[in-house]
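Numbering (our numbering), first residue to last: -17 to 428.
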Ligand SMILES: Cc1cc2nc3c(=O)[nH]c(=O)nc-3n(C[C@H](O)[C@H](O)[C@H](O)COP(=O)(O)OP(=O)(O)OC[C@H]3O[C@@H](n4cnc5c(N)ncnc54)[C@H](O)[C@@H]3O)c2cc1C
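Shown next as structure tokens:
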């Protein structure tokens, strides 16, 4: 098996398979995790997945900050606040995502049947034209990948966890329906003294501020820093006004004063992220599956992508393992795995010819058909939740955009906050259950 991408989806999926003894080649193009910003908001939905993966003890070793609440401010006035946790007993929290990924990889690498190829990108798919299943359309059966150094990794199954710009999705000609609002988020990291300066005002909350300076979110990270995401029209003209002064214009007096006393040099250049999201109606081809952002690029709104990626990995592993553990005609040697990895499973990279194949035994064909059916079932099981979550994200973005664009509405709501605040709070909370806990996961193995 080849897993492409060691983000949340790929690391979690590779770990679950490696632990069960499946031979896994995990390919990651980046040399280090910290080179990428990923989401650090862990919702109860992501926590449920991590618990079911048996990773609660790993999580307990990492820096983590439980959120105290959500605050919404319009024109510098408080509209409403909601304390955490609400609608259940588990609070949303901020975690050290690079630490989580490294911890998952360390555990996976303890299984001798997992190989991590870091700093190598997948460039091509290996195909086996004569294996195209009756009735299947598009490219032939996927039989492995080719790396950027020309190395071929043959495999029974390729799992593309390579993120929003997925090369695997493109190579497999899987369509992506995109939602591409003309917006981007500028992500700022404030650390050390700048973060310490702001923490007392933030007080463990996730604050959203909308006013004349636009809309931004402000929260403390697990490691004691502060992150600010500022929503902008894509390609908006720059301004000579320093960032903190611009943020002060949407802030209440106490925060505005903090912004104005912050040295401008303490704010580094932002990372720009388009608010593009999308959904591939089909996540699989014979011998290939997409998971995480590769299948459904998530908008960063209300911290869903990390959580959905973990849930994809869990559901995919739970559906595939019973099939893989039959050894189902995959042929080849058994992987040797330590006690902690369970029984070996005869499937994986290097065990099957990548070029035109000799006639294969009916048992292998039958196994491949069962595998492909399982891939379809995984996508069907996950699409329902992803559609629901993305619809709620769009709804929330739409409401935020209305307020960002309509100064008269902001002023009206801010002026009547004692009446409008509780009404809007109830409406906001009504949309949150699915964004917090997701939809019920399918039952796991007994
Ligand atoms: C700034 C920002 C803030 C966010 N905030 C949150 C949040 O608070 N909470 C939340 O839940 N979500 C958040 N998200 C979304 C979240 O980060 C993603 O949804 C999540 O990382 C998706 O996980 P993934 O494993 O599918 O993909 P990714 O995390 O994108 O991982 C894909 C991996 O594949 C590798 N790769 C790509 N191409 C190749 C190739 N050809 N060969 C080999 N490797 C390859 C990449 O290097 C990468 O490591 C945020 C996203 C951003 C950018």
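Cβ coordinates follow ideal geometry from the N, Cα and C atoms, glycine included.
Near ligand 1: residue i beta-carbon under 7 Å from a heavy atom
i, result
"residue -17", "no"
"residue 149", "yes"
"residue 221", "no"
"residue 10", "yes"
"residue 35", "no"
"residue -13", "yes"
"residue 450", "In the structure as shown, the chain starts at -17 and stops at 428, and residue 450 therefore has no counterpart that could be examined."
"residue 161", "no"
"residue 86", "no"
"residue 282", "yes"
"residue 22", "yes"
"residue 108", "no"
"residue 145", "yes"
"residue 494", "Outside the modelled stretch of the chain, which goes from -17 to 428, sits residue 494, for which no answer is possible."
"residue -8", "yes"
"residue 240", "no"
"residue 399", "no"
"residue 255", "yes"
"residue 104", "yes"
"residue 169", "yes"
"residue 98", "no"
"residue 395", "no"
"residue 200", "no"
Element boundaries [beta strand (DSSP E), containing residue i]
i, result
"residue 161", "159 to 161"
"residue 12", "Where residue 12 is concerned, there is no enclosing beta strand (DSSP E), given that its DSSP letter is neither H nor E."
"residue 65", "59 to 65"
"residue 349", "Segment 344 to 387 is the alpha helix (DSSP H) holding residue 349; no beta strand (DSSP E) there."
"residue 212", "208 to 215"
"residue 97", "96 to 100"
"residue 202", "196 to 202"
"residue 52", "51 to 56"
"residue 260", "259 to 261"
Rounded separation between residue i and residue j - CA only
i, j, result
"residue 351", "residue 138", "11 Å"
"residue 337", "residue 154", "Reliability fails at residue 337, whose pLDDT of 33 lies under 50, so the model's placement of it is uncertain and the value that follows must be treated cautiously. Looking at the two C-alpha atoms, the distance is approximately 17 Å."
"residue 68", "residue 284", "15 Å"
"residue 140", "residue 386", "43 Å"
"residue 318", "residue 94", "With a pLDDT of only 36 at residue 318, under the threshold of 50, the placement of this residue in the model should not be trusted; the figure read from the coordinates follows. About 7 Å."
"residue 233", "residue 193", "8 Å"
"residue 423", "residue 369", "14 Å"
"residue 91", "residue -16", "15 Å"
"residue 296", "residue 290", "10 Å"
"residue 273", "residue 72", "26 Å"
"residue 343", "residue 123", "16 Å"
"residue 39", "residue 398", "47 Å"
"residue 108", "residue -9", "22 Å"
"residue 413", "residue 374", "7 Å"
"residue 25", "residue 286", "8 Å"
"residue 51", "residue 77", "16 Å"
"residue 131", "residue 184", "48 Å"
"residue 240", "residue 62", "22 Å"
"residue 66", "residue 353", "42 Å"
"residue 151", "residue 267", "10 Å"
Extent of the continuous alpha helix (DSSP H) run through residue i
i, result
"residue 297", "287 to 306"
"residue 401", "399 to 412"
"residue 241", "235 to 242"
"residue 32", "26 to 34"
"residue 81", "79 to 91"
"residue 227", "225 to 230"
Given 8 Å, three or more beta-carbon pairs between the region 245 to 252 and the region 86 to 104: no
Contact between the region 54 to 69 and the region 189 to 197 (3+ Cβ pairs under 8 Å): yes
Given 8 Å, three or more beta-carbon pairs between the region 82 to 96 and the region 213 to 222: no
Any 3 or more C-beta pairs closer than 8 Å across the region 163 to 180 and the region 29 to 49: no
Validate contact between the region 1 to 17 and the region 125 to 138 using beta carbons, cut 8 Å, 3 pairs: yes
Within the region 117 to 191, ranges of the alpha helix (DSSP H) (whole runs, at least 4 residues): 149 to 153 and 174 to 184
Contact between the region 208 to 218 and the region 169 to 182 (3+ Cβ pairs under 8 Å): yes
Three-pair Cβ contact test at 8 Å for the region 296 to 305 versus the region 155 to 162: no
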